[in-house]
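Down below is the structure, laid out as structure tokens.
Residue numbers (our numbering): 6 to 186.
Set out below in structure tokens:
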């Protein structure tokens with residue numbers, strides 16, 4: 006269980022690591038953002054690496070929980086409704102966890118690649134169980150879903166004037182539905 010002080014450090018660290026990367030993030034800046042001294046940060050986490058690993062561990066668990074809950078709630082027997090709901094929900098998870106997903110896609114860490122691979126495999130199996138008998142590579146589709154939702158979420162955060170998030174998501178959904186007809 007994480008106390009309030011630790012959680013403030015973890016929230017600040019996620020934001021700073023996502024913005025500046027592991028190397029660019031300083032413990033001084035993280036402590037300042039959290040509203041505590043650097044000494045308090047080191048008392049709680051000992052090292053910057055420990056703090057980074059705790060950020061990863063906590064957010065991996067949160068994303069897994071969000072995905073598990075989303076998949077459990079998507080029970081439509083109609084493939085079009087099922088797939089539309091799934092893609093919309095995964096995009097929502099990407100949006101809600103943007104800083105972590107951005108961090109996981111830009112930083113080299115031993116914890117990230119297995120998490121992404123586990124997510125793709127889990128989602129691929131879920132798709133195959135719920136939309137069986139299709140002549141597609143379910144893991145490739147799951148990776149496409151992960152990658153595309155991250156990409157449109159990232160583009161939205163960079164506030165590209167030419168880009169319309171809702172149109173991009175709807176276009177992806179329409180294309181995905183064609184695969185499952």
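Just so you know, even glycine gets a beta-carbon here, dropped at the ideal spot from N, CA and C.
The structure displayed is predicted, hence computed values, not measured ones.
Look at the Cβ atom of residue i, then the Cβ atom of residue j, and state whether they are nearer than 8 Å.
i           : j           : result
residue 50  : residue 56  : yes
residue 99  : residue 106 : yes
residue 166 : residue 111 : no
residue 104 : residue 20  : yes
Straight-line CA distance for residue i to residue j?
i           : j           : result
residue 6   : residue 89  : 36 Å
residue 48  : residue 65  : 24 Å
residue 155 : residue 40  : 30 Å
residue 185 : residue 150 : 14 Å
residue 183 : residue 11  : 47 Å
residue 14  : residue 176 : 39 Å
residue 162 : residue 18  : 19 Å
residue 122 : residue 147 : 10 Å
residue 97  : residue 180 : 19 Å
residue 77  : residue 46  : 38 Å
residue 8   : residue 109 : 24 Å
residue 246 : residue 29  : This structure cannot speak to residue 246, because the chain is shown only from 6 to 186.
residue 137 : residue 178 : 18 Å
residue 68  : residue 133 : 21 Å
residue 38  : residue 170 : 30 Å
residue 142 : residue 164 : 33 Å
If we count the other Cβ atoms within 10 Å of its Cβ and call it buried at 16 or more, is residue i buried or exposed?
i           : result
residue 152 : exposed
residue 102 : buried
residue 23  : buried
Within its chain, find whatever has a CB closer than 7 Å to the CB of residue i; leave out the 5 residues flanking it on each side and keep chain order.
i           : result
residue 59  : 15 and 50
residue 135 : 87
residue 79  : 87, 90, 91 and 94
residue 42  : 36
residue 131 : 76
Please list, in chain order, all residues of the same chain as residue i whose beta carbon is under 6 Å from its beta carbon, the five residues on each side excluded.
i           : result
residue 120 : 65
residue 53  : 32
residue 2   : Only positions 6 to 186 of the chain appear in this structure, which leaves residue 2 out of reach.
residue 173 : 157
residue 144 : 125 and 129
Check whether the region 118-136 touches the region 63-82, taking contact to mean three or more Cβ pairs, one atom from each stretch, closer than 8 Å.
-> Because the criterion of three Cβ pairs below 8 Å is met, the region 118-136 and the region 63-82 touch.
Between the region 80-94 and the region 25-42, are three or more C-beta pairs nearer than 8 Å?
-> Between the region 80-94 and the region 25-42 there are fewer than three C-beta pairs closer than 8 Å, too few to call the two in contact.
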